[in-house]
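In UniProt numbering, the protein residues as written are 1 to 175.
Ideal Cβ positions, reconstructed from N, Cα and C, are used throughout, including at glycine.
The structure appears right after this line, and notes come after that.
Written out as structure tokens, the structure reads:
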């Protein structure tokens, strides 16, 4: 008889609770933006993220304007990840800006929970919400070298531009 511990057949995804992001999640989105900016190495403080309008507009006032949508994944005790979308304008574009009517997506899965399918599940749930809200597409920006580009490609995002060190990708939500 084998006394070795048996793996738990329950996956992390089975244990997660999913909810819509709300105005109360602004600090979570700030932290998520900070994590995203520092995906490769720490180079920007949270204070810099909060004070830089090009970064702060990803979270500041979330839920107080039309087009703000998000999904939060959490265990009973902590947040695992979040995916959210906001619309921007040509006068105040996001890094993945395509059009005023095209929401830009951001996603963060916190380090201890990566490579468990959480990012894909968050992105799929957010895409469903964007479709239900009537959006024809969604964009995002991903820096060169970030392996998340592979996930985005599997989800149907296609590169539509390259700006310096980042790709702009677009998802057609009508398919």
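Residue 103 and residue 73 closer than 8 Å at C-beta: no
Cβ-based neighbour list, residue 34, same chain, cut-off 6 Å, excluding 5 preceding and 5 following: 46, 49
Which residues DSSP lists as bridging residue 176, in chain order: Shown here, the chain extends from 1 to 175; a query on residue 176 therefore has no answer.
Rounded separation between residue 156 and residue 117 - CA only: 16 Å
Residues that DSSP places opposite residue 85 in a beta bridge: 69, 105
Same chain only: Cβ atoms within 6 Å of residue 63, ignoring 5 sequence neighbours per side: Answer for residue 63: 22, 23, listed in chain order.
8 Å contact criterion, which residue 70 and residue 20 should meet: CB distance rounded: 7 Å between Cβ atoms; contact.
According to DSSP, residues forming a beta bridge with residue 169: 140, 159
C-alpha gap between residue 83 and residue 136, whole angstroms: Our two residues, residue 83 and residue 136, have alpha carbons roughly 18 Å apart in a direct line.
Straight-line Cα distance separating residue 153 from residue 78: Between the alpha carbons of residue 78 and residue 153 lies a gap of roughly 29 Å.
Assigned secondary structure, residue 79 (DSSP; H/G/I helix, E/B strand, else coil): strand
Cβ-based neighbour list, residue 122, same chain, cut-off 8 Å, excluding 5 preceding and 5 following: 71, 73, 81, 82, 83, 107, 109
Through-space distance from residue 111 to residue 87, alpha-carbon basis: 27 Å
Neighbourhood of residue 15 by C-beta, 7 Å cutoff - its chain only, sequence neighbours within 5 removed: Contacts found: 75.
Separation of residue 51 from residue 151, as counted between CA atoms: Each residue's Cα considered, the two are about 30 Å apart.
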